[in-house]
Amino acid sequence: MAEFDDETKRDVLRAVAEDLRAEESDEAEKIAALVHRVSDRYDASEEASSEALYRNMRHILDVSERGGLRR
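Just so you know, the sequence shown maps onto residues 1027 to 1097 in the numbering used here.
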């Protein structure tokens, strides 16, 4: 399996998230948010520990399960 540097991993994950958002469905948007959040793990400017990523992804799923953000 090929090894990729963190910048490449981040860019590919963000491109996938962007492609998912183009699908314009709730499920695609949810998965895009998760994929984009995982990409933060490979962004030197982000402080994204595995624990913080897990908590944030869990929050995304919880909000989605409740039907979205209500403002």
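Using N, Cα and C, we set each Cβ at its ideal position, and we do this for glycine too.
Here the structure is a predicted model, which means the values were calculated and not measured.
Under the criterion of beta carbons closer than 8 Å, residue 1047 and residue 1054 qualify as touching, at roughly 7 Å. The three-state reading of DSSP puts residue 1033 in helix, counting H, G and I together.
Taking 8 Å as the upper bound for CB-CB distance, residue 1035 and residue 1080 are not in contact here, some 18 Å apart. Straight across, the Cα-Cα distance linking residue 1083 with residue 1039 is about 15 Å.
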